[in-house]
Amino acid sequence: MSAPSRMEDAEEQHARRVSDGEAHQGSEHHARPLEVQEVVEKLNTVPAFKVVDDETGDIVPTPGKGGEACLCWYADPHDARVALAIVAAREPGRQLSLGTTPLGTALAMSEGWGTGLPSMPLRLQASSAVLRSVRDVLSPLPERAAAALNARTSAFPVFLMEELQSPSVAPVFFRREDLASCWRISGRAPEALPDSLTLYDLRVLVLKMMSTGADWRSLMFVAPGSSLQQIDAASQHGAVRDLERQAAVARGDEPPPLEEAAAIA
Numbered sequence: 033m034s035a036p037s038r039m040e041d042a043e044e045q046h047a048r049r050v051s052d053g054e055a056h057q058g059s060e061h062h063a064r065p066l067e068v069q070e071v072v073e074k075l076n077t078v079p080a081f082k083v084v085d086d087e088t089g090d091i092v093p094t095p096g097k098g099g100e101a102c103l104c105w106y107a108d109p110h111d112a113r114v115a116l117a118i119v120a121a122r123e124p125g126r127q128l129s130l131g132t133t134p135l136g137t138a139l140a141m142s143e144g145w146g147t148g149l150p151s152m153p154l155r156l157q158a159s160s161a162v163l164r165s166v167r168d169v170l171s172p173l174p175e176r177a178a179a180a181l182n183a184r185t186s187a188f189p190v191f192l193m194e195e196l197q198s199p200s201v202a203p204v205f206f207r208r209e210d211l212a213s214c215w216r217i218s219g220r221a222p223e224a225l226p227d228s229l230t231l232y233d234l235r236v237l238v239l240k241m242m243s244t245g246a247d248w249r250s251l252m253f254v255a256p257g258s259s260l261q262q263i264d265a266a267s268q269h270g271a272v273r274d275l276e277r278q279a280a281v282a283r284g285d286e287p288p289p290l291e292e293a294a295a296i297a
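Those letters in the sequence shown? Residues 33 to 297, per my numbering, in order.
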């Protein structure tokens with residue numbers, strides 16, 4: 033594989049560079065297009081999932097469109113688990129698990145917004161269940177957007193509802209269920225939930241954020257409930273596994289983790 037030996041480190045470097053980016057703070061700059069770093073930072077509140085090699089911590093190629101192997105980040109942990117099962121069946125002796133990357137970092141890397149990226153194909157995968165649910169109403173990418181974006185990445189539906197917005201918060205949801213849950217939590221009657229909502233492709237929304245002079249401060253991406261549940265479960269398992277690995281390194285049974293990484297802008 034021609035990817036960097038520590039893809040995870042590359043992702044972490046990318047995230048640090050984003051967080052270190054200076055944002056305009058003056059009120060005169062509120063209505064303006066966002067920089068790439070600012071968009072990534074907003075999206076980084078949402079996790080994406082990847083298949084990783086337990087021994088190295090590297091992201092593992094998984095089947096893409098037409099069977100092409102890609103380094104892929106999944107919005108839905110269920111899709112990531114399916115990909116993990118496919119790779120595990122093909123390589124039964126390999127120790128694999130699910131890892132996480134902030135969604136903004138995953139999007140930036142999959143779109144090539146950086147330097148030192150791996151030469152292997154990259155892509156971002158929306159929830160297959162959500163894609164099926166909006167198949168009949170999801171519009172294709174505009175021609176100019178399609179030409180500018182990674183063709184390997186799937187359509188990426190997100191949902192907005194005007195009734196849930198306020199001057200300070202405009203939530204963006206990745207699943208209808210989470211939108212409905214927010215509706216109920218806000219004290220509204222479930223039967224009063226409107227049928228109409230705004231459906232965007234995430235990447236079209238991102239391009240709009242980077243090209244349109246508007247006040248984007250209120251826009252908030254809401255992590256799917258299923259993703260947060262996966263994070264909780266993985267953190268409990270990961271704590272035990274980290275202790276086991278540290279003990280193995282101390283005994284000399286395993287080498288320390290590699291520190292090499294690509295420089296991601």
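Cβ atoms here follow ideal geometry from the backbone N, Cα and C, with glycine treated the same way. All values reported here derive from a predicted model rather than from experimental measurement.
Shown here for P203: same chain residues with a beta carbon closer than 7 Å to its own, the five before and five after excluded, namely L196, C214, M252 and V254 in chain order.
Q157 sits in a strand when the DSSP states are folded into three classes. The three-state reading of DSSP puts L225 in coil, since its state is none of H, G, I, E or B. The segment 117-130 makes contact with the segment 75-87, as at least three CB pairs between them are under 8 Å. Cβ contact annotation for L192 (same chain, cutoff 6 Å, sequence separation greater than five): V204 and T230, in chain order.
For the options I118, W248 and C102, the alpha carbon positioned closest to that of L156 is the one of C102. When Q262, R176, A117 and M241 are compared, the shortest CA-CA separation from V71 is found for M241. Taken through DSSP and simplified to helix, strand or coil, L181 comes out as coil. Straight through space, the alpha carbons of Q69 and P134 are spaced by roughly 13 Å. The criterion of a C-beta distance shorter than 8 Å is not satisfied by F188 and L116. Per DSSP, the unbroken alpha helix (DSSP H) holding K74 starts and ends at V68 to L75. When secondary structure is reduced to three states using DSSP, L135 falls in the helix class. Between W248 and L130 the beta-carbon gap is near 31 Å, outside 8 Å, which marks them as no contact. For W105, the CB contacts under 6 Å within the same chain, skipping 5 residues up- and downstream, are A80, K82, T133, A138 and L156 in chain order. Take S258, set aside five residues on each side of it, and the residues of its chain with a beta-carbon closer than 8 Å to its own are D108, P109, H110 and R207, in chain order. S171 and E194 have their C-alpha atoms spaced approximately 20 Å apart.
For D111, there is no enclosing beta strand (DSSP E); the enclosing alpha helix (DSSP H) has its first and last residue at P109 to R122. The Cβ neighbour count for S250, taken over all protein chains shown within 10 Å, is under 16; the residue is labelled exposed.
In the DSSP assignment, I91 is bridged to V84. According to DSSP, residue pairing for F206 in a beta bridge does not occur. Straight-line measurement puts the Cα of G98 at about 42 Å from the Cα of A63.
DSSP places V78 outside any alpha helix (DSSP H), giving it a letter other than H or E.
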